[in-house]
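Notes follow once the structure below has been shown.
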Amino acid sequence: MEEINFEDFLRVQIRTGTILEATLNTKAQNPAYILRIDFGPLGIKTSSAQIIENYQPDELVG
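Residues in the sequence shown are numbered consecutively from 3, following the working numbering.
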């Protein structure tokens, strides 16, 4: 994994959101969920997370 220096880290935007929906991503090579995440003013975004071994979908929503 590539590392960045501290100055570059300060420019990174780290945001939090609320997971609205978590469904199984049947097209992924490795087991994963498709997440719909509400980032408020930025809108609703879709992401994928390989966290099936750790969480059930209903544990992620909210």
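Glycine residues also receive a C-beta, built at the ideal position from the N, C-alpha and C atoms.
Are the CB atoms of residue j and residue i within a distance shorter than 8 Å?
i: residue 59; j: residue 34; result: no
i: residue 66; j: residue 49; result: Absent from the model: residue 66. The displayed extent of the chain is 3 to 64, so no value can be given.
i: residue 12; j: residue 37; result: no
Can you check DSSP and say which residues form a bridge with residue i?
i: residue 46; result: 40
i: residue 24; result: 37
Which of the three DSSP states, helix, strand or coil, is assigned to residue i?
i: residue 61; result: helix
i: residue 9; result: helix
i: residue 55; result: coil
Indicate whether at least one CB of chain B lies closer than 8 Å to the CB of residue i.
i: residue 5; result: As a matter of chain content, chain B is missing from the structure shown, which is built from one protein chain.
Can you round the beta-carbon distance between residue i and residue j to whole angstroms, since I take them to be within the 8 Å contact cut?
i: residue 21; j: residue 46; result: Actually they are not in contact, since the Cβ atoms of residue 21 and residue 46 sit about 11 Å apart, beyond 8 Å.
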